[in-house]
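As structure tokens, the structure follows; a few thoughts come after it.
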Amino acid sequence: MKDNVTAPAIEVEDLSIHYGTVSAVSGVSFSVNQGEQLTLLGPSGCGKTSTLRAVAGLERPSGGAIRIGGRTMYDGAKRINVPTEQRGLSMVFQSYAIWPHMTVFDNVAYGLRVRNEGAAGLKEKVHHALDLVKMGAFASRNASLLSGGQQQRVALARACAFSPSVLLFDEPLSNLDAKLRAEMRIELRELQRRLKVTSLYVTHDLEEALAMSDRIAVMRSGNIEQSGTPNEIYNFPRTAFVADFIGSANLINGRLMPERSVDGRIAVEVDGGNILLGVSHGRSPGPQPTLSLRTVHLRLSAEPPAVPENVWPVRVKRSVFLGDLTQVHVEWSGRELVIRQTTAAPRGEGEKAYLSIDPRHCVLLEAD
Amino acid sequence: MAIVYEAVPRRPILSLQAVTMATLIVVVAALVLYPIYYLIEASLTISDPNVRPPTAFGFDNYLALPNYWTIILNTVVVSFVATIMALAFGFVTAWILTRTNVPYQRTLEQLIVAPYYVTPLLGALAWSLLGAPESGFINQLWRHFGGEGHLIDITSPMGIAWVMALFEGSVAFVMIGAVMKSMDPSLEEASQIVGAGRWRTMLRVTLPLVAPGVLGAAIFVFAEMLGSFSAALVLGTPARFYVITTAIYQLVSQYPPRFPLAAAMGVSLFAVMFLMLFMYRRITSRRSYVTISGKAFRPRQMDVGRLRWVLFAVCVFYVFLSVVLPIATLVFVSLQKLSLSFPSFGSFTLDNFRQALSLNAVRSAMWNSVALGIATATIGVLLTGMLAWLIQRSRLPGRGVLEYIVMFPQAVPRLVFAFGMMWAWLVFPIPIYGTFWILLIAYLTVFLPLGVRTISGVIMQLDKSLDECGQVCGASWGYRLRSITVPLLKPGLLAAWLLIFVSSVRELGASILLMGPNSKVITPAIAEAWFSTSSELTAAMALIQTFVIGLATLLFAELTRRASRHGEKA
Chain A
1 MKDNVTAPAI EVEDLSIHYG TVSAVSGVSF SVNQGEQLTL LGPSGCGKTS
51 TLRAVAGLER PSGGAIRIGG RTMYDGAKRI NVPTEQRGLS MVFQSYAIWP
101 HMTVFDNVAY GLRVRNEGAA GLKEKVHHAL DLVKMGAFAS RNASLLSGGQ
151 QQRVALARAC AFSPSVLLFD EPLSNLDAKL RAEMRIELRE LQRRLKVTSL
201 YVTHDLEEAL AMSDRIAVMR SGNIEQSGTP NEIYNFPRTA FVADFIGSAN
251 LINGRLMPER SVDGRIAVEV DGGNILLGVS HGRSPGPQPT LSLRTVHLRL
301 SAEPPAVPEN VWPVRVKRSV FLGDLTQVHV EWSGRELVIR QTTAAPRGEG
351 EKAYLSIDPR HCVLLEAD
Chain B
369 MAIVYEAVPR RPILSLQAVT MATLIVVVAA LVLYPIYYLI EASLTISDPN
419 VRPPTAFGFD NYLALPNYWT IILNTVVVSF VATIMALAFG FVTAWILTRT
469 NVPYQRTLEQ LIVAPYYVTP LLGALAWSLL GAPESGFINQ LWRHFGGEGH
519 LIDITSPMGI AWVMALFEGS VAFVMIGAVM KSMDPSLEEA SQIVGAGRWR
569 TMLRVTLPLV APGVLGAAIF VFAEMLGSFS AALVLGTPAR FYVITTAIYQ
619 LVSQYPPRFP LAAAMGVSLF AVMFLMLFMY RRITSRRSYV TISGKAFRPR
669 QMDVGRLRWV LFAVCVFYVF LSVVLPIATL VFVSLQKLSL SFPSFGSFTL
719 DNFRQALSLN AVRSAMWNSV ALGIATATIG VLLTGMLAWL IQRSRLPGRG
769 VLEYIVMFPQ AVPRLVFAFG MMWAWLVFPI PIYGTFWILL IAYLTVFLPL
819 GVRTISGVIM QLDKSLDECG QVCGASWGYR LRSITVPLLK PGLLAAWLLI
869 FVSSVRELGA SILLMGPNSK VITPAIAEAW FSTSSELTAA MALIQTFVIG
919 LATLLFAELT RRASRHGEKA
């Protein structure tokens with residue numbers, strides 16, 4: 001089925017997409033290695049779905065290049081645009097796009113029939129694909145009678161059945177309820193690992209992206225803001241946008257203290273005189289740097305902790321019970337900081353406490 | 369299966385889709401614009417119209433139009449009055465059915481669109497029998513019970529407007545009903561919550577919200593009235609009362625014909641209608657922001673207490689006047705030797721039906737119509753299906769232009785269009801004038817908007833990704849069309865087939881000009897019989913046509929029901 005000579009990986013180079021005068025994607029570049037899953041993550045309208053659809057050939061870009069498995073699928077300069085049906089990839093749609101006039105079997109068999117698969121091979125491959133998603137018992141069922149979750153599984157089986165070299169996912173879990181979504185997230189991840197199929201995944205759901213991806217590219221208004229492993233993205237956000245979009249963070253702006261900012265460390269003097277120590281993560285600070293402090297990395301304690309740096313006495317302004325977490329707002333350097341902690345003891349308004357944070361968790365951001 | 373990767377993949381210079389699009393644009397443009405071109409040419413001809421191509425051009429024909437100001441005035445008055453009445457019917461019935469708790473709502477809703485299927489021609493024939501000043505049954509009864517002169521005169525301008533309004537009323541109902549149904553009740557509730565009373569809410573919230581929809585309906589209906597033909601032909605021409613369409617028909621069919629003048633009238637009429645339909649589009653496309661939201665809701669219904677039975681009676685009375693009474697009248701008349709309001713028992717007869725069925729002209733015309741209807745519907749569904757798909761779903765350039773050309777016949781009265789065709793095909797090297805071919809081409813052209821609108825409505829409800837998924841699975845356009853698009857569109861395609869079939873069999877305006885001595889069709893034959901034979905025979909013919917259409921519809925519904933049941937089992 002597949003061409004084994006060239007590596008089936010996706011390369012997108014300087015891709016731009018315009019709708020009339022509106023620019024949806026402006027100069028995006030990334031690549032997905034063989035067997036890897038890359039997730040395009042971002043708020044709605046950031047251009048992630050347009051990028052995915054351009055890779056599929058469903059959207060016509062206005063410039064740049066797209067290569068799949070070493071083969072040029074789109075090249076604006078050379079005027080190449082291979083039609084979707086000849087790109088040899090597969091896709092799971094947000095709406096599932098299960099054909100209601102066919103049985104489950106016919107839905108899954110579609111891609112194989114298009115490829116003139118013989119009857120015996122067809123049957124085997126369809127059942128294999130259905131077994132992968134635990135829908136083997138539903139083969140003869142009319143597709144219009146399936147529940148949302150079942151449709152999702154059939155859509156997945158259909159996308160995998162003809163062993164495509166590349167799988168595209170367009171927010172495939174967004175129409176499921178929260179519990180089913182969490183389940184499918186793990187199942188999908190395992191399936192992707194097992195089949196070792198190169199995947200490009202689009203979502204606006206942070207947890208989904210963190211749980212499933214080998215790498216994440218965070219997109220914002222048509223550009224890639226940062227790309228890296230889930231760990232890197234979470235712990236070392238590059239910009240204020242990423243820090244804020246991936247989880248919740250306090251962004252603290254201050255004056256650089258150059259004499260204390262050496263060897264990857266950085267010190268910032270905040271209005272009100274407090275000094276905040278952090279890490280530069282290889283980034284060079286400007287005169288007014290911003291640091292990102294994750295709300296879960298900040299600690300509150302009744303007694304001063306036994307560390308010499310980044311400890312301040314504060315007063316609790318209010319405290320909100322969120323179930324798994326408690327969110328505490330404190331007054332610090334003339335502004336409010338948000339802390340999320342698992343400690344059961346709720347803190348009363350006006351109570352005194354000590355706020356601390358490990359300098360490794362105070363990350364320098366690049367200027368926006 | 370091995371895919372051979374090339375360094376630079378070949379891209380087909382012309383995809384199947386692009387070729388199809390180009391072909392369709394050429395075909396549709398030829399169908400629509402060729403006759404219009406000749407119509408305009410004829411209207412500008414000041415040399416001898418029989419010498420073609422013309423040798424001299426000028427605006428004389430247009431400058432002569434003011435001489436016919438009575439006809440223009442007649443048209444405007446009749447259309448205006450008819451529009452007001454049709455809107456009144458439509459508004460009242462739409463309000464009753466969507467905003468009150470009238471009993472048997474569902475049934476009434478189906479009944480109120482029935483007049484549309486009865487057609488203005490049948491209605492005009494029946495109302496002529498009912499309301500002619502001397503012989504009309506209503507006037508006979510009036511005099512029988514001691515009245516003087518006549519109670520109603522259906523051949524007067526008001527009478528003609530009345531008949532036109534009765535049958536256009538259901539169109540207005542559908543349009544206004546859609547607006548009222550799509551109105552979010554929370555908009556009204558919000559007004560009441562801030563303290564406005566029921567009447568204040570109605571005046572300040574409800575009316576402004578439905579006003580654009582009603583205005584849109586008014587313009588659409590008025591444009592239809594300007595181009596309507598049957599009622600004015602049956603009721604007006606015997607008394608030499610002409611509107612523009614009947615005047616054009618008169619000018620074309622009299623001896624010697626005055627083609628250039630008729631063409632100038634036709635072009636002026638369609639220019640006005642085009643303008644109005646353009647306004648209609650503008651109004652309705654701007655309207656969407658207020659009333660339509662994706663949420664499902666039931667419009668709020670007012671509890672009208674015992675008044676609900678009065679409102680129920682109002683709706684039933686409308687259906688009675690437009691459907692029951694006309695059909696009953698035709699049946700009553702067709703069963704008599706000489707129609708009287710108080711016939712003796714012995715004067716009942718089946719002779720009219722026997723005669724109608726034995727008349728070769730009627731029999732062959734009926735079968736011609738059915739055969740033409742089947743051909744038009746079959747080719748039309750293929751053509752309009754492709755057109756609708758390309759307009760709604762393709763990403764090829766040129767689809768905007770295509771949509772405009774396709775919708776063009778909507779703005780041209782069928783009679784005027786047929787006149788353009790007659791004029792165009794007379795000089796066409798292949799002699800098809802006076803054959804079935806020209807009727808087929810005419811039907812296909814004038815029903816383009818009908819087919820495209822019907823099928824587009826279904827396409828728009830289909831999720832785009834159903835097709836895209838087939839594309840991603842590697843299926844070509846042709847394969848997807850076969851395996852995904854057509855099966856999913858089947859209900860819409862079948863509905864379009866039936867609509868085009870019924871419309872073709874009942875077509876009058878285009879057929880009356882284009883049929884030849886060897887290509888008779890039934891509706892013009894009925895109109896001719898009205899003027900040249902007895903009303904009893906005409907009534908029988910009209911009923912036979914209605915019966916055949918009804919039978920064909922039932923047969924078709926049964927066949928498609930079986931086919932779909934069979935398909936589900938497979």
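Protein sequence lines, in the order shown, are assigned to chains A and B.
1 is the number of the first residue of the first sequence in this note's numbering; add one for each residue after it.
369 is the number of the first residue of the second sequence in this note's numbering; add one for each residue after it.
Even glycine gets a Cβ: it sits at the ideal position worked out from N, Cα and C.
Proximity of chain A to B:TYR847 at the Cβ level (cut-off 7 Å) is accounted for by VAL114, in chain order. Note that the region 91–109 of chain A touches the region 140–149 of chain A; at least 3 beta-carbon pairs, one per stretch, sit closer than 8 Å.
Between the alpha carbons of A:VAL28 and A:SER44 lies a gap of roughly 17 Å.
Chain-ordered, the chain B residues with CB closer than 8 Å to the CB of A:LEU58 read GLU836, GLN839 and VAL840.
Beyond the five residues adjoining it in sequence on each side, A:GLY57 comes within less than 7 Å, by CB distance, of MET73, VAL82, PRO83, THR84 and ARG87 in the same chain, given in chain order.
Proximity to A:ALA217 across A:THR229, A:ALA211 and A:GLU207 peaks at A:THR229, based on C-alpha coordinates. For B:LEU922, the closest of B:TRP805, B:VAL692 and B:LEU867 by C-alpha to C-alpha distance is B:LEU867.
When 9 Å is used as the limit between beta carbons, B:ALA843 is near these residues of chain A: GLU85, TYR110, GLY111, ARG113 and VAL114, in chain order.
Rounded to the nearest whole angstrom, the C-alpha separation of B:LEU927 and B:ALA864 is 15 Å. Counting other Cβ atoms within 10 Å of its Cβ, A:LYS125 reaches 16 or more and is therefore classed as buried.
Apart from sequence neighbours up to five positions away, the residues of its chain that approach B:PRO777 with a beta-carbon distance below 7 Å are VAL400, PHE785, THR813, VAL814, LEU816 and PRO817, ordered along the chain. In the structure shown, B:ASN886 falls within a coil segment according to DSSP collapsed to helix, strand and coil. The Cβ atoms of B:MET532 and B:SER596 sit closer than 8 Å to each other.
Under the Cβ criterion of 8 Å, A:ALA9 is not counted among the residues facing chain B.
Within chain B, the residues VAL840 and CYS841 have their CB atoms less than 8 Å from the CB of A:SER90, given in chain order. If you draw a straight line from the Cα of B:ARG650 to the Cα of B:GLY584, it is about 9 Å long. Proximity of chain B to A:HIS101 at the Cβ level (cut-off 7 Å) is accounted for by PRO855 and LEU856, in chain order. Between A:CYS46 and A:MET219, the C-beta spacing is below 8 Å. Its chain contains LEU905, THR906 and MET909 as the residues whose beta carbon lies nearer than 7 Å to that of B:ALA897, once the 5 sequence neighbours on both sides are disregarded; these appear in chain order. Taking C-beta atoms under 8 Å as the contact rule, B:ILE612 and B:ILE439 qualify, at a distance of about 6 Å. Residues of the same chain with a CB within less than 7 Å of the CB of B:LEU555, apart from the 5 flanking positions on each side, are VAL573 and LEU577 in chain order. Distance from A:THR49 to A:VAL202 at the Cβ level is roughly 6 Å; contact confirmed, criterion being Cβ atoms closer than 8 Å.
The beta carbon of A:ASN142 sits closer than 7 Å to the beta carbons of THR103 from its chain, once the five residues preceding and following it are set aside; these are given in chain order. In the structure shown, B:SER383 adopts coil according to DSSP, grouped into three states. Along the region 639–654 of chain B, none of the residues has a CB nearer than 9 Å to a CB of chain A. Look at B:ASP831: its C-beta is under 8 Å from a C-beta on chain A. Distance from B:LEU834 to B:ILE823 at the Cβ level is roughly 16 Å; contact not present, criterion being Cβ atoms closer than 8 Å. Neighbourhood of A:ALA97 in chain B, by CB distance below 8 Å: ASP831, SER833, LEU834, GLU836 and CYS837, in chain order. Under the Cβ criterion (8 Å, minimum of three pairs), the region 699–706 of chain B does not count as touching the region 828–843 of chain B. For A:LYS317, the enclosing beta strand (DSSP E) has its first and last residue at 311–321.
Here A:ALA54 is near A:LEU15, since their CB atoms are less than 8 Å apart. Contacts between B:ILE852 and chain A, judged by CB atoms closer than 7 Å, involve TRP99 in chain order. At a Cβ-Cβ threshold of 8 Å, B:ALA540 and B:VAL589 count as neighbours. In this structure, the CA atom of A:LEU298 is about 51 Å from the CA atom of B:GLY563. Contact with chain B is absent for A:PHE321, since none of that chain's Cβ atoms lies less than 8 Å from the residue's Cβ. Beta-bridge partners assigned by DSSP to B:PHE588: none are found.
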